[in-house]
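Chains as they are written, first to last, in this note's numbering: chain A, 907 to 1244; chain B, 87 to 638; chain C, 18 to 152. Ideal Cβ placement from N, Cα and C applies to all residues, glycine included. Just so we're clear, the structure is a prediction, and the values are computed from it rather than from any experiment.
Spelled out as structure tokens, the structure:
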């Protein structure tokens, strides 16, 4: 029933019709298609993008166990109360050994279930190198076109995962907890510089004050340009429902400020540029590889370079020159045929 | 320990013969995965200080038993856990069991009751009376214990999160029948920590639950002196898939946590500690289970005396109830469960339990039928009166193997205590998911061992009867039970003085926001027939609700 | 595209807190390369089907040891059908008498597993169902 062929068929007018009429099942199916069939993404996005209204994407990230899901649920509830429609993308890591994934974030979002203004989707990171699934931004596109105007993207992990979230979020909330030493990891990963808001969750635990102190010190010595203010640092206890009204208010204020200042637009533009660049590169490389034996040549060259202790640059220059020639030839051919 | 002939014996020669004799391809570890030697001897007990580690029964550290005379003085209490359908039906079952020679009652409540919800709560649908009896108000208590002499029969109640207000209903009923509180004997499970760890039936976050428990301890010390206010339970931890050592360590760690909480609340240790009791599982691995129970007594006594400085020897006693392992029962060839249960029960007895529940053979299929319950009870009677197991105190004491295992389990438990300490104590360890992860991992490993046939379950992964037909009669709970219960609850709500109910609930809420002992307020609510769910709601409005933390 | 990940919801409807089976099975399914959305305890049929819909799950697995299986399976199945999820597999496990297993089958519920059933059998059953193109 749900084989590849039938899924191909299901991407028909009926699905789109249902989707634009607001069918949650159609929305869920479209997400599945985006997730499972990367080759169908361009076709799907062609239809989605004209319907997108520029939903704000808030990345919520931080080390495991700090209470990201509970924080996400709390922010989502407040966003709905303020009149927003919310999509939540909760990403958990895929096991590199089995390819399976345990997606447990819904347990902490119990209180949101059944709210028609909230749509929760769990995702495994799959081949996203332990971070976000590569299809995450497109799932956000689906939500945006479905009418959600606040999209929360929750990711777990320390390091690469947080940097991934930068590429698909307009605003980043970094959640930490006291007395775990996570701050060191976060610093190493460079995520603190990228965060728009720092949230110390579980502030009822001891060590909150000293973590706050570390941040103050950090921002004092930071080489951040004076024009960019240090991100606000807030404390909360999501489990005990303390301090979250303030966090939500701050998130909305930041969104408002960044929209006004054009910073979010800038981020969206940079994302689009980045996406174009990587697509073009991918396409060119794909075509070049198909025409030549480049991947194999690279392997041989690498072996050779290693053996003889030589620099790779002559080989690189040579390869680039050939790519340029291929493109030129292709253009000439096209002219000939045209 | 070395006997005079030891020096003349040649162990190396035996070891060689052992290795050369051809060994079976099998897993010789315990059901918990503990590796075992093929033979234990005096070398294993070379360091054993008999006076310090074993002593005599009824003597510190009680390794050999809590009483000097053990079963020569008094047999264990045969206490079958029972409850199903309506309070009337359960009352009938109690009378049946007492008639058959049972010596104590044990109440099983249905799921809505265990969660503190009324039978007409939206989420109670389909659950009323299913795995126990439904109790919504004091009226249900009146029916449940009708014609049962509460001053003569001891009553155990398996309930935790709403234990204090279920007990308040029990007390209010006794009061109505003019039975003095001082004559009531029994046990309330009331062990909330293992709910977070294993059974998952909580209402509030840990802190208010711990306060309610401490309040009840203080109240009972003054007014219900023969009542065991808490039965610190490893049973459910084991059922959730833990190893024997985890069951032992986590249960005793919970016990220490209750002690510490009560001490912080200003109670005197010798006022409440003698009323603490325990509840362990008796699983299939015979010797490991016996060693576990012996180790429990020794560890508890040592910590109570040396760490918490209890003076009254009764505070040092680890008295416990044992139930055979429900998770060891199989749906396949269910009659074999009688044998499993008999072995487990024997381990409980040889481990020196104070009371015992034997599971019925059909419990992997449904609630136990009357016939199955009778066989289970008869199993205990065979052990008590035919097997000779009750004739000699701690008959396995001094066994090289059992003493060695007892030592090993104690050491493993101590390692766990240190780990829990490092995590900041039991409650922080719960919040970090430590216990939950340890247990889930052990459960998965055991299941995989079955899957790979490293461990054998007769009739399940080996010795399977193909095309097995089920031939034992099963008990079914009539769907009308739910309707009846809800109807009667509605009648109570109409009949009672609703003004008084509102006033008492209001007073409870106010008290909950303060620091007063809540037990008298709960008793007031019970007396005016406030429902279980109404009392829960009043407390939730002050204490909040606990959210599940999914740990794998 | 048989290699596409199988997504499965694991939930405990109703009130019983015995989640050993649910967790062990969830883990075995993850080990078998599936994506398991774990909903946890105290789920209503509505919350389960809502999750199945949002997750576009292939399979819904319920674990019930409370004796309330007839009520819960029936309601979940009805809601799945009503929400366009009639083509997904509803399966589960718990202490479920043979007689009730037959009744569940008539309702359109897949195989239900009991204590002692092999984990591999559960994995195989789901894989076979998916491989054969569903119910």
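Residue i, DSSP secondary structure in three states
i: residue 1019 of chain A; result: coil
i: residue 265 of chain B; result: coil
i: residue 59 of chain C; result: strand
i: residue 100 of chain B; result: helix
i: residue 449 of chain B; result: coil
i: residue 259 of chain B; result: helix
i: residue 1220 of chain A; result: helix
i: residue 624 of chain B; result: helix
i: residue 367 of chain B; result: strand
i: residue 28 of chain C; result: strand
i: residue 1081 of chain A; result: strand
i: residue 168 of chain B; result: strand
i: residue 918 of chain A; result: coil
i: residue 1026 of chain A; result: strand
Span separating the alpha-carbon of residue i from that of residue j
i: residue 188 of chain C; j: residue 251 of chain B; result: Since the first residue of chain C shown is 18 and the last is 152, residue 188 of chain C is not available in this structure.
i: residue 564 of chain B; j: residue 934 of chain A; result: 40 Å
i: residue 121 of chain C; j: residue 1020 of chain A; result: 26 Å
i: residue 293 of chain B; j: residue 280 of chain B; result: 14 Å
i: residue 30 of chain B; j: residue 1107 of chain A; result: Because chain B here runs from 87 to 638, residue 30 of chain B falls outside it and cannot be looked at.
i: residue 221 of chain B; j: residue 46 of chain C; result: 39 Å
i: residue 361 of chain B; j: residue 331 of chain B; result: 24 Å
i: residue 633 of chain B; j: residue 295 of chain B; result: 14 Å
i: residue 123 of chain B; j: residue 539 of chain B; result: 21 Å
i: residue 70 of chain C; j: residue 142 of chain C; result: 22 Å
i: residue 1227 of chain A; j: residue 1025 of chain A; result: 50 Å
i: residue 146 of chain C; j: residue 945 of chain A; result: 26 Å
i: residue 62 of chain C; j: residue 208 of chain B; result: 12 Å
i: residue 533 of chain B; j: residue 136 of chain C; result: 8 Å
i: residue 1223 of chain A; j: residue 1189 of chain A; result: 20 Å
i: residue 182 of chain B; j: residue 289 of chain B; result: 34 Å
i: residue 357 of chain B; j: residue 307 of chain B; result: 6 Å
i: residue 1036 of chain A; j: residue 1042 of chain A; result: Because residue 1036 of chain A sits at a pLDDT of 48, beneath the cut-off of 50, its placement in the model cannot be relied upon, and the point is left open.
i: residue 40 of chain C; j: residue 526 of chain B; result: 7 Å
i: residue 576 of chain B; j: residue 106 of chain C; result: 39 Å
i: residue 1011 of chain A; j: residue 24 of chain C; result: 15 Å
Cβ neighbour criterion (16 or more within 10 Å) applied to residue i
i: residue 395 of chain B; result: exposed
i: residue 402 of chain B; result: buried
i: residue 276 of chain B; result: buried
i: residue 1004 of chain A; result: exposed
i: residue 1219 of chain A; result: exposed
i: residue 200 of chain B; result: buried
i: residue 599 of chain B; result: exposed
i: residue 1029 of chain A; result: buried
i: residue 602 of chain B; result: exposed
i: residue 1159 of chain A; result: exposed
i: residue 1191 of chain A; result: exposed
i: residue 132 of chain B; result: exposed
i: residue 1057 of chain A; result: buried
i: residue 473 of chain B; result: exposed
i: residue 100 of chain B; result: exposed
Supposed contact pair residue j and residue i - C-beta distance, whole angstroms, cut 8 Å
i: residue 1031 of chain A; j: residue 997 of chain A; result: 6 Å
i: residue 115 of chain C; j: residue 556 of chain B; result: 6 Å
i: residue 649 of chain B; j: residue 321 of chain B; result: No information on residue 649 of chain B is available, as it lies outside the stretch 87 to 638 that chain B covers here.
i: residue 1078 of chain A; j: residue 1101 of chain A; result: 5 Å
Inset, instruction - Could you name each continuous alpha helix (DSSP H) segment of 4 residues or more that falls completely within the segment 112–137 of chain B, going from the start of the chain to the end? - result: none
Legend entry - Complete runs of the beta strand (DSSP E) confined to the segment 188–239 of chain B [at least 3 residues]: 190–194
Legend entry - Runs of alpha helix (DSSP H) lying entirely within the segment 1124–1191 of chain A, each at least 4 residues, in chain order: 1150–1166
Inset, instruction - Quick one: which unbroken alpha helix (DSSP H) runs of 4-plus residues sit fully inside the segment 552–588 of chain B? Chain order, please. - result: 566–581
Legend entry - Unbroken stretches of the beta strand (DSSP E), 3 residues or longer, contained in the segment 107–145 of chain C: none
Legend entry - Minimum length 4: unbroken alpha helix (DSSP H) runs contained in the segment 958–1024 of chain A: 974–987
Inset, instruction - Run through the segment 298–361 of chain B for me and flag every whole alpha helix (DSSP H) of 4 or more residues, listed as ranges in chain order. - result: 321–325, 330–350 and 355–358
Legend entry - Unbroken stretches of the alpha helix (DSSP H), 4 residues or longer, contained in the segment 408–482 of chain B: 422–436 and 456–471
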